[in-house]
Amino acid sequence: MTAAVALNRFGLGARPGEMAAVRPDPRGWLHAQLRPETALPAPMAALPSTLDDLGVFRKWTAELARLARARGMDPATMRSAPTERRRAMDAGAMAGPADKDATVSMRASGPDMSRAGADGLSVEGSFKQVFGPRHARALKARFDVAVATERPFFERLVHFWSNHFVVSGAKPGAIAMPPSFERDAIRPHVTGRFVDMLMASTKHPAMLFYLDNLLSIGPNSALAQEKTPGRSQGFSHPLGGPGEARVGGALNPSLRRRPAQQDFAIPRSIGLNENLAREILELQTLGARGGYEQADVSSLARIITGWTIARPPRVSYARLTLQGRLNGPGLFDFDPDAHEPGAHRLLGVAYAQPGVAQGEAALRALAAHPSTARFIATKLARHFVADDPPPEVVERLASVFLDTDGDLARVCAALVDLPQGQLQPLRKFKTPQEFLVSAARGLPGLEIDATRLQRTLANLGQVVYNPPGPNGWPDVEAEWLGADAVWKRFLWAGEAASAAASGTLAPAALARELLGDTVSAATLQAIERAESPTQGLTLLLASAEFQRR
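The working numbering puts the first residue of the sequence shown at 0, with every later residue one more than the last.
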């Protein structure tokens with residue numbers, strides 16, 4: 000393996016001086032980064048906890064319910080209303096009397112959303128306007144860590160797995176959740192066992208909300224037996240306070256024991272929600288061609304009914320805070336009343352374990368399945384080898400995955416140890432995020448503030464933490480190599496070069512330092528003939544060699 004491949008394909012881009020330091024032992028440099036992280040990078044540690052993120056989510060659901068009551072509507076109807084109609088409803092609600100308790104609680108617990116809709120924004124738009132800065136701060140922290148890290152291979156793995164187990168802030172109410180999900184469910188496990196990452200991601204509040212498992216109720220569960228035919232039930236939101244459950248607006252005495260408060264209610268029609276189960280099978284474990292059927296999706300959905308977020312009075316958030324349980328694992332809860340009773344068959348195997356153990360057993364079996372090994376091996380090979388990876392590489396990685404019980408450090412070590420012929424340089428086209436990170440690593444004088452970073456990524460087509468769907472961002476060059484996208488990169492390269500250029504900077508020498516033996520003679524000649532350092536840097540950043548890894 001060459002130093003250029005180690006730094007740019009497996010790492011996040013070379014910094015000045017790194018090529019010479021890594022050249023004696025590129026593989027050893029990468030192997031050393033497969034140790035577990037001992038402490039969070041400072042920018043990550045400074046971000047809000049998952050518990051705090053859930054407080055943000057509570058504000059959104061509270062305001063949504065308050066506005067719905069003000070208009071005499073079911074919150075579920077309001078959530079599904081067309082945008083223009085919802086804006087009109089919001090504005091009308093603002094003109095009428097406000098719900099005193101809801102307004103007071105909102106103001107007491109965080110930024111004031113009590114005027115959501117007053118400026119023509121929907122509740123969702125107001126939420127994003129108020130809490131968008133949290134998202135920008137987290138995005139900047141992620142970027143800064145990637146630029147400054149001494150372990151870029153490890154950091155690339157964090158990004159890879161965050162794009163495998165996807166939670167998107169594009170979903171209303173979830174804008175604050177992806178960063179804490181990445182920190183809690185992904186970072187601790189990127190060099191651990193796949194099953195542990197699968198378990199952590201499935202139990203994290205962000206995933207449970209993003210893929211709607213909070214709404215999933217077993218058809219024969221205790222809760223289902225309380226249903227009123229044809230009506231939705233206002234079961235409590237997991238963050239709700241004390242109160243009483245209602246059905247169709249009337250008190251349901253049989254549910255008094257359940258914590259509920261309509262201010263924070265998410266209406267749930269009785270029945271399964273298969274979203275999380277489907278994505279676990281299709282996108283996280285077996286893959287679309289992994290041998291499962293629709294019946295398996297339904298069965299897994301039944302198995303994980305009751306997987307939810309801890310809520311009062313079952314758990315005290317004050318106690319969680321005192322215990323330091325502010326993040327994902329400490330906030331998972333199992334609700335036996337929502338769980339579908341009985342044994343369920345998944346891929347021909349019956350799971351009859353009690354309670355949460357049933358779902359845990361199913362996830363362990365999925366993590367160890369040969370189809371999962373092949374699916375994960377294919378994605379890793381596509382990311383680190385080529386868009387269309389050689390079958391023998393996939394087979395090698397899948398074999399290591401199965402032989403080591405999904406030990407991701409050993410699977411990645413097998414990647415690093417692939418023969419030189421299977422690790423040819425410049426086989427992958429950088430995503431917008433990879434392009435910006437590698438530019439900032441290579442140009443020490445380049446500073447990108449949070450606003451500019453967010454705007455640039457959006458302009459280039461990749462708003463980090465906001466992938467368009469649960470399948471994440473594409474990992475093949477055809478999705479990023481359009482003429483318009485390339486032109487936008489060229490324009491940004493000029494802006495970055497203007498910001499980073501100095502009279503002492505020699506662009507051609509920098510090209511050799513950052514690209515090593517992958518830079519062509521033609522590219523070097525063009526850079527050397529540039530009329531200014533700014534023009535030379537622009538040509539470097541826009542070159543085919545820099546755009547690839």
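Ideal placement from N, C-alpha and C gives every residue a C-beta, glycine not left out.
Shown here for N272: same chain residues with a beta carbon closer than 6 Å to its own, the five before and five after excluded, namely D211, L214, S215 in chain order.
In the displayed model, W472 falls within coil according to three-state DSSP, outside both helix and strand. Of the other Cβ atoms in all chains shown, fewer than 16 fall within 10 Å of the Cβ of V485; this residue is therefore exposed. As the crow flies, the alpha-carbon of D334 is around 15 Å from that of T201.
In the DSSP assignment, V348 falls within the beta strand (DSSP E) that extends over 348-350.
Beta-bridge partners assigned by DSSP to T307: D332.
In the structure shown, R344 adopts extended strand secondary structure according to DSSP, grouped into three states.
By the criterion of a C-beta distance shorter than 8 Å, L480 is surrounded in its chain by F428, once the five residues flanking it on both sides are discounted. By the CB criterion at 8 Å, Y350 and L138 fall outside the cutoff. In the three-state reduction of the DSSP assignment, F164 falls in the coil class. The residue from A510, D404, A408 with its alpha-carbon nearest to that of R34 is A408. A199 and A205 have their C-alpha atoms roughly 11 Å apart. With a threshold of 16 other beta carbon atoms within 10 Å, G515 meets it and is buried. For R150, the secondary structure class from DSSP, reduced to helix, strand or coil, is coil.
The Cβ-Cβ distance between I447 and G358 does not fall below 8 Å. For R381, the enclosing alpha helix (DSSP H) covers residues 369-383.
Secondary structure within the region 1-32: the alpha helix (DSSP H) runs of 4 or more consecutive residues, fully enclosed, are 17-21, 25-30 (chain order). The bridge partners DSSP lists for R192 are D406. Contact annotation: G405 and A366 have beta-carbon atoms nearer than 8 Å.
Annotated three-state conformation of R547 is strand, per DSSP. The beta carbon of N7 is closer than 6 Å to those of R548 in its chain, skipping five residues each way along the sequence. In the DSSP annotation of this structure, the continuous segment of the alpha helix (DSSP H) that includes Y209 starts and ends at 204-209. In this structure, the CA atom of L280 is about 26 Å from the CA atom of Q461.
By the Cβ test, the region 287-306 is in contact with the region 215-224, since at least three Cβ pairs between them sit closer than 8 Å.
A contact is defined here as three or more CB-CB pairs under 8 Å, and the region 149-161 meets this definition with respect to the region 179-193.
For K487, the enclosing alpha helix (DSSP H) covers residues 482-499.
Here the C-alpha atom of A169 lies approximately 11 Å from the C-alpha atom of P469. In chain order, S298, R301, I302, Y350 place their CB closer than 6 Å to the CB of H343, counting only its own chain and leaving out the 5 sequence neighbours on each side. A Cβ-Cβ separation of about 7 Å places Q283 in contact with L197 under the 8 Å criterion. Note on geometry: alpha-carbon atoms of A2 and P340 lie some 56 Å from one another. Judged by beta-carbon spacing, R440 lies within the 8 Å limit of L11, meaning their Cβ atoms are closer than that value.
Beta-carbon to beta-carbon, E494 and T522 are separated by about 20 Å, too far to satisfy the 8 Å threshold. Residue pairing of F428 in beta bridges, as defined by DSSP: R547. With fewer than 16 other CB atoms across the displayed protein chains lying within 10 angstroms of its CB, G16 is exposed.
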